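Peer 1: Take a look at the following structure, please.
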Amino acid sequence: MKKMPLSGKRELHLGLKQNARQFALLVFVNMLVGAVLGVERSVLPLMAQTRMGVASYTALLLFIAVFGFAKAMTNYWMGKNANRYGRKPLLLLGWGLALPIPWLLMYAASWQWVLLANLFLGMSQGIAWTSTVIMKIDLAGHKQRGLAMGLNEFAGYVAVGVASWVAARVAEQHGWEATFWLTLGLTGMGLFLSWIGVRDTTAFVHLEEKATATLSLPWKEKTRRRIVGAVVQGGFFNNLNDGVLWGLLPLWLAQRYEGLEDIGLLVGLYPAVWGVGQLFTGPMADYLPKRPVLWGGMFLQGISILGLTVAASTPLLVIALLGLGIGTAMVYPTFLATIAGVVSAYARARYLGVYRLWRDLGYVGGALLSGWLADSWSLELAFWVVGGLTLASAVFLRLRLPDNL
Numbered sequence: 083m084k085k086m087p088l089s090g091k092r093e094l095h096l097g098l099k100q101n102a103r104q105f106a107l108l109v110f111v112n113m114l115v116g117a118v119l120g121v122e123r124s125v126l127p128l129m130a131q132t133r134m135g136v137a138s139y140t141a142l143l144l145f146i147a148v149f150g151f152a153k154a155m156t157n158y159w160m161g162k163n164a165n166r167y168g169r170k171p172l173l174l175l176g177w178g179l180a181l182p183i184p185w186l187l188m189y190a191a192s193w194q195w196v197l198l199a200n201l202f203l204g205m206s207q208g209i210a211w212t213s214t215v216i217m218k219i220d221l222a223g224h225k226q227r228g229l230a231m232g233l234n235e236f237a238g239y240v241a242v243g244v245a246s247w248v249a250a251r252v253a254e255q256h257g258w259e260a261t262f263w264l265t266l267g268l269t270g271m272g273l274f275l276s277w278i279g280v281r282d283t284t285a286f287v288h289l290e291e292k293a294t295a296t297l298s299l300p301w302k303e304k305t306r307r308r309i310v311g312a313v314v315q316g317g318f319f320n321n322l323n324d325g326v327l328w329g330l331l332p333l334w335l336a337q338r339y340e341g342l343e344d345i346g347l348l349v350g351l352y353p354a355v356w357g358v359g360q361l362f363t364g365p366m367a368d369y370l371p372k373r374p375v376l377w378g379g380m381f382l383q384g385i386s387i388l389g390l391t392v393a394a395s396t397p398l399l400v401i402a403l404l405g406l407g408i409g410t411a412m413v414y415p416t417f418l419a420t421i422a423g424v425v426s427a428y429a430r431a432r433y434l435g436v437y438r439l440w441r442d443l444g445y446v447g448g449a450l451l452s453g454w455l456a457d458s459w460s461l462e463l464a465f466w467v468v469g470g471l472t473l474a475s476a477v478f479l480r481l482r483l484p485d486n487l
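Last residue of the sequence shown: number 487 in the working numbering, and the count goes up by one each step with no gaps.
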């Protein structure tokens with residue numbers, strides 16, 4: 083196993099087993115990042131209509147567009163500057179940006195306050211989540227990227243799902259304000275653990291560069307750009323449909339179910355399956371061909387979104403949400419592992435930042451497109467269009483990715 087001295091005090095080793103404690107801490111920190119997001123996913127769309135009186139779907143979905151734009155820009159900034167400033171300082175910055183969120187929501191006097199809170203949420207998530215992604219890949223080395231991403235995204239999105247349900251239950255029993263105290267507690271814990279326990283991983287990049295110096299990149303530049311371009315568009319449409327479901331699924335379910343707890347359970351099912359599924363799909367990305375996993379996952383997502391609109395009973399609705407979660411679990415860690423695998427270790431943070439920039443701009447596109455469709459026609463049409471776009475993305479991936487990827 084490759085190793086490297088660190089200031090004469092300890093040696094660095096690449097691999098998950100060799101860095102188990104630090105990796106486990108980063109997994110838990112990412113669970114807290116995901117939980118902060120999960121509280122908002124369940125509560126804000128319903129709060130907008132009942133407490134804020136926001137009637138227009140387009141106006142309501144602006145909070146997702148603001149979140150997506152802020153997260154996309156900070157993803158890019160984070161990837162560009164991770165090598166310059168170090169991973170841990172930026173992780174702490176991400177948590178610091180989350181501190182105003184619960185206060186803005188608790189004392190929100192207008193919808194503009196909520197939009198400002200989501201600006202902070204997007205910046206926080208973009209920096210904190212991207213930091214944990216990059217740090218885990220740094221620790222894992224080039225042989226276990228898929229497993230590292232599977233564990234990272236598993237932790238984050240299971241936390242999103244569980245927090246969505248918990249927040250809905252808390253809101254139903256204790257009111258909206260109680261959920262924001264939950265957000266404050268999660269943020270404080272994340273900041274504290276990141277400050278005292280997380281170690282910077284920039285030195286691992288130099289270790290991997292040294293260990294792989296004699297290895298050539300597996301793809302020529304033209305093919306590499308083709309792969310990156312296909313993956314970027316896949317990430318964009320993945321988050322486009324996720325943004326639509328984030329904003330419109332709770333409202334659509336509210337037309338069919340009365341209890342906030344029932345709605346929260348269904349809203350949380352899809353990201354929970356998405357998260358748990360990545361325990362299996364992450365390691366798959368290290369060993370199985372990536373092309374069929376990527377286009378197949380996007381295809382399953384598209385079919386499942388279309389299935390939501392025709393689900394005539396709760397069991398059918400659950401099946402559609404399960405399919406959506408499985409499809410997303412197939413592509414999410416595999417997209418990241420694919421990008422990380424076609425570029426050098428030093429360029430990895432920058433490329434991941436670019437990928438996550440365009441991926442999270444999908445939130446903006448999804449929010450604006452679906453808001454316009456829902457206002458002009460219906461919620462169902464918004465789901466149909468987004469499902470169709472997701473299927474088109476699957477076809478594009480199948481055509482553009484090399485057969486031997």
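For every residue, glycine included, the Cβ atom is placed at its ideal position computed from N, Cα and C.
Computed from a prediction, not measured in an experiment: that's the story for all the values here.
Taking all protein chains shown into account, do 16 or more other C-beta atoms lie within 10 angstroms of the C-beta of residue 263, making it buried, or fewer, making it exposed?
Peer 2: exposed
Peer 1: Which residue from 218, 434, 150, 136 puts its Cα closest to that of residue 97?
Peer 2: 218
Peer 1: Hey, could you find the ends of the alpha helix (DSSP H) residue 485 is sitting in?
Peer 2: Note, residue 485: premise wrong, no alpha helix (DSSP H); not H, not E.
Peer 1: Start and end of the alpha helix (DSSP H) containing residue 239?
Peer 2: 227-256
Peer 1: Quick check on this structure: which residue in 129, 199, 168, 147 has the alpha carbon closest to the alpha carbon of residue 118?
Peer 2: 199
Peer 1: Round the Cβ separation of residue 442 and residue 162 to the nearest angstrom and send it over; I've been treating them as touching at under 8 Å.
Peer 2: Taking 8 Å as the upper bound for CB-CB distance, residue 442 and residue 162 are not in contact here, some 15 Å apart.
Peer 1: State the Cα-Cα distance for the pair residue 465 and residue 326, rounded to the nearest angstrom.
Peer 2: 8 Å
Peer 1: Going by beta carbon distance, what residues of the same chain come within less than 8 Å of residue 82, once the five residues before and after it are set aside?
Peer 2: Given a span of 83 to 487 for the chain in the structure shown, any question on residue 82 remains unanswerable.
Peer 1: Can you name the start and end residues of the alpha helix (DSSP H) that residue 282 belongs to?
Peer 2: Per DSSP, residue 282 belongs to no alpha helix (DSSP H) and is neither H nor E.
Peer 1: Is it buried or exposed for residue 157, if we count other Cβ within 10 angstroms and need 16 for buried?
Peer 2: buried
Peer 1: For residue 273, collect the residues of the same chain with a Cβ closer than 6 Å to its Cβ; drop the 5 residues on either side in sequence, then sort them by chain order.
Peer 2: Contacts found: 177.
Peer 1: Excluding the 5 residues preceding and the 5 following residue 381 in the sequence, name in chain order all residues of the same chain whose CB lies nearer than 6 Å to its CB.
Peer 2: 476
Peer 1: Between the alpha carbons of residue 172 and residue 415, how many angstroms are there, rounded?
Peer 2: 22 Å
Peer 1: Please look up how many angstroms separate the CB atoms of residue 445 and residue 147, rounded, as I've assumed it's under 8 Å.
Peer 2: 7 Å
Peer 1: Taking the alpha carbon of residue 140 as the point to measure from, which residue in 469, 485, 447 has its own alpha carbon closest?
Peer 2: 447
Peer 1: Buried or exposed for residue 338, please, with buried defined as at least 16 other CB atoms from any protein chain shown within 10 angstroms of its CB.
Peer 2: exposed
Peer 1: Given a cut-off of 8 Å, decide if residue 479 and residue 312 are closer than it, judged by their beta-carbon atoms.
Peer 2: yes
Peer 1: Pick from 149, 343, 433: whose alpha carbon is nearest that of residue 216?
Peer 2: The residue among 149, 343, 433 with its C-alpha nearest the C-alpha of residue 216 is 433.
Peer 1: Which residues in the same chain have their Cβ closer than 7 Å to the Cβ of residue 159, if we skip the five residues on either side of it in sequence?
Peer 2: If we look at residue 159 and ignore the five residues flanking it on each side, it has no Cβ neighbours.
Peer 1: Please report the distance separating the alpha-carbon of residue 322 from that of residue 106.
Peer 2: 30 Å
Peer 1: Just to confirm, are residue 242 and residue 357 a CB contact at a threshold of 8 Å?
Peer 2: yes
Peer 1: According to DSSP, is residue 321 part of a helix, a strand, or is it coil?
Peer 2: Three-state result, residue 321: helix.
Peer 1: Roughly how far, in whole angstroms, is the beta-carbon of residue 364 from the beta-carbon of residue 232, given that I think they are within contact range, below 8 Å?
Peer 2: So it is a contact: roughly 1 Å between Cβ atoms.
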